[in-house]
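Residue numbers (the numbering used here), protein chains in the order written: chain A, 1 to 185; chain B, 186 to 370. Only one structure is covered here, and it is reproduced in the block below.
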DNA sequence: TAGTAATATATCACTCTGTTATATTATGTG
DNA sequence: CACATAATATAACAGAGTGATATATTACTA
C-alpha cells in the first residue's frame, strides 16, 4: 500500500485496519530488518524537519512477487482473542455494577471504532486498490455494527444474570468448595 | 464451567467458543501445571475404559477468587488476526479465480460455524450460567451472520477488482520497480 | 524548568504458537 | 492379519510475537 516506516505501519494497524491484523514494534522492526537482508524491501533513511529521522521501506519486485506467493493460500478461520467475551462468560460471578460498566465502555469502544471507519471513506488508498480497501473497511463496519447492536439489544442477559441466579460475587465466595455437580469421583 | 482436562479445554476452545479465545496445548498444559503449583486448581488422574488416562483439573476456592479478581477489569478492544482480510486487501494483485475460490471457502467456513452455534442451544452449561453463555453464543451468531451476509452481498468488490484495475498478477510482475506515485525521494 | 505527549527506532524477557514426539485405543482396508 | 489412519491424551521445544523498557528528538503546557 505504498512505502512506509515501521512506525507508520504500526499506526495503520492501530487505526482503520485494526480489525484485520495487529502487530507490535517487536514484530515489525525485526521483520523489516529481515526483509531487507533477504532483498525483499529497500530502506532509505529520511531526515525530517519537525520530527526525528525515519527509515522508509519500499517493496522490491522480488518482494512484490513473494507477497503474491504468500497470499496464494486458502486462509483458515480468523483468530480472535476477546477479553470482553471471556468476562461476559463469567458475568454471573461478577458484581452487576461492574458488568454494566463494562457493557457501557464496550458500546463506547465499538461506537468510536465505527466512527473512525466511517470517516475513512475517501482515504489515501493507492490507485487500483480502492475496491479491495472498500471491501475490507465495509467488512469491519458490518461486523462492528452487528456487535454493537447485539450488545445493546441483549445486555439484560448478563446485567441481570447475577440477580436471577441469586449468586453475587460474595455469595459465590461464601459457598463451599466445588458446589454444584462437580464430584471428585 | 466445571472440571476438565487440558484436552477437553482445547476442544471447547475449538468448538462453540472459538470466537472468544483460542489457545494451544503449549499454552494450556504449562498453565495448568502452574495453576496447580500455585494452589489455584487441584489435579486428579482418572483412568478411562476406552481411552488413554487423563488428568482432570478443578478450581479451588482460592482459584475461584483469583478468577473473579482477574475479571474485575475493563477489557480493551478484541485482538483479531484475519489472514482472510489481509488477502482481501491485496485481492487486486491476485488471480481472480483464486479470490473467488477463497470467497467460496470462507462462506462455507462461516456457514459451518453458524450451524455449530445454532446446534449449541440447550448445551451442557452449568446451572446459573445459562444466560451468560446464551449472551456469548448469541454474540458469536450475530457477528458470524453479519460477516457471512456482508461477504455474500459485496464479493463483487474483490472478485472484479483485478479486471477493473486491469492488473492481473502477471501484469503486476511485468511492471517496472515502484510503478505508481512512490518516488524514491 | 520540568513534565507530558507524539514521533521514531531498538532490544529483550517472557509467553504463546505450531510442530513434533509419545502412547493408547478404535476404525478402516487391502 | 498387518498396516495405516484417526481420535484421545499429555508433553516439550524452537521460533515467533507481545508488552515493556530504553533512548532520542521535537512540541506543547504549566
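All C-beta atoms in this analysis are idealised placements derived from N, C-alpha and C, irrespective of residue type, glycine included.
When beta bridges are read from the DSSP output, residue 23 of chain A appears opposite no residue. In the three-state reduction of the DSSP assignment, residue 235 of chain B falls in the coil class.
Of all residues in the stretch 249-274 of chain B, the ones placed with a Cβ closer than 9 Å to any Cβ belonging to chain A are 249, 250, 252, 253, 256, 257, 258, 259, 260, 261, 262, 263, 264, 265, 266, 267, 268, 269, 270, 271, 272, 273, 274, in chain order. Taken in chain order, the whole alpha helix (DSSP H) runs of length 4 or more contained in the stretch 48-133 of chain A are 61-70, 83-89, 96-118. In this structure, residue 273 of chain B sits away from residue 84 of chain A, with a CB-CB distance that is not shorter than 7 Å. A direct Cα-Cα distance of roughly 9 Å separates residue 129 of chain A from residue 278 of chain B. DSSP places residue 199 of chain B inside the alpha helix (DSSP H), whose first and last residues are 191-199.
Counting the other CB atoms within 10 Å of its CB gives residue 258 of chain B a total below 16, which places it among the exposed residues. Among the residues of chain B, those whose CB is under 7 Å from the CB of residue 134 of chain A are 342, following chain order. A direct Cα-to-Cα measurement between residue 210 of chain B and residue 76 of chain A gives close to 19 Å. Exposed is the label assigned to residue 224 of chain B, since fewer than 16 other Cβ atoms lie within 10 Å of its Cβ. For residue 339 of chain B, a Cβ of chain A is located within less than 7 Å of the residue's own Cβ.
Inclusion of residue 7 of chain A and residue 32 of chain A in the CB contact set at 7 Å is not warranted, their separation being larger than that value.
Listed along chain B, the residues sitting closer than 8 Å to residue 101 of chain A by beta-carbon distance are 259. Between residue 78 of chain A and residue 267 of chain B, the C-beta spacing is below 7 Å.
Closest in C-alpha terms to residue 251 of chain B, from the list A:59, A:90, A:44, A:61, comes A:90. Of the residues B:189, B:341, B:330, the one whose Cα lies closest to the Cα of residue 230 of chain B is B:189.
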